[in-house]
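Trainee:
In the UniProt record's numbering, the protein residues as written are 1 to 157.
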């Protein structure tokens, strides 16, 4: 956490004071406050705004259905139950990615993932003519999405 020192007491309670590092339910946090490590569902121990330098902002409270609207680091807005807890303040380590690598050895652990941008499809052999393959190359699955996958895909659209 930003601005925390050794021997700094942190309190996790419904009536904790609004001080950096304390954990409170979202309903007890005023609008416009900067929070991090926000729970998505009550009791899941915090999943939102946890990366270095990240924070979320409490936008509004809806007392009728007991929900709170927060603005995430991506800029998207999310509605979560007001009983979800959040930590006051911002995660430390902001600007970590701005430091230059300086040498190849420092970049050794970087990269990975499924779709690295290399300018062309990586599953096509290098001597194949351009435009040889289109669509989903080496797809994990084909056909219509059914069940849970279809519901999450429809929600994303």
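C-beta: ideal position from N, C-alpha, C; glycine also.
Compute the Euclidean distance between the alpha carbons of residue 55 and residue 131, then round it to the nearest angstrom.
Mentor: The straight-line gap separating the alpha-carbon atoms of residue 55 and residue 131 is approximately 43 angstroms.
Trainee: Is it right to say residue 12 is buried, meaning 16 or more other beta carbons lie within 10 angstroms of its own, or is it exposed?
Mentor: exposed
Trainee: With a 10 Å radius around its C-beta and 16 neighbouring C-beta atoms as the bar for buried, classify residue 79 as buried or exposed.
Mentor: Result: exposed.
Trainee: Is the distance from the Cβ of residue 23 to the Cβ of residue 50 below 8 angstroms?
Mentor: no
Trainee: Could you check which residue in 114, 4, 18 and 1 has the C-alpha nearest to that of residue 138?
Mentor: A check of alpha carbon separations from residue 138 across 114, 4, 18 and 1 identifies 114 as the nearest.
Trainee: Any chance the region 61 to 69 sits against the region 101 to 109, with 3 or more Cβ pairs inside 8 angstroms?
Mentor: no
Trainee: DSSP state of residue 114, grouped into three classes?
Mentor: coil
Trainee: Let me confirm a value: residue 26 is counted as buried when at least 16 other C-beta atoms fall within 10 Å, else exposed. Which label applies?
Mentor: buried
Trainee: Which one of 87, 94, 58 and 81 has the shortest CA to CA distance from residue 33?
Mentor: When C-alpha distances from residue 33 are compared across 87, 94, 58 and 81, the shortest belongs to 58.
Trainee: What did DSSP end up calling residue 17 once you bin it into helix, strand or coil?
Mentor: coil
Trainee: Short of 8 angstroms in beta carbon distance, which residues of its chain neighbour residue 45, apart from the five on each side in sequence? Order them along the chain.
Mentor: 39
Trainee: Just to confirm, are residue 96 and residue 53 a CB contact at a threshold of 8 angstroms?
Mentor: yes
Trainee: Buried or exposed, going by whether 16 or more other CB atoms sit within 10 Å of the CB of residue 47?
Mentor: It counts as exposed.
Trainee: Who are the Cβ neighbours of residue 14 in its own chain at under 8 angstroms, not counting the five residues just before and after it?
Mentor: 24, 25 and 28
Trainee: State the Cα-Cα distance for the pair residue 148 and residue 140, rounded to the nearest angstrom.
Mentor: 16 angstroms
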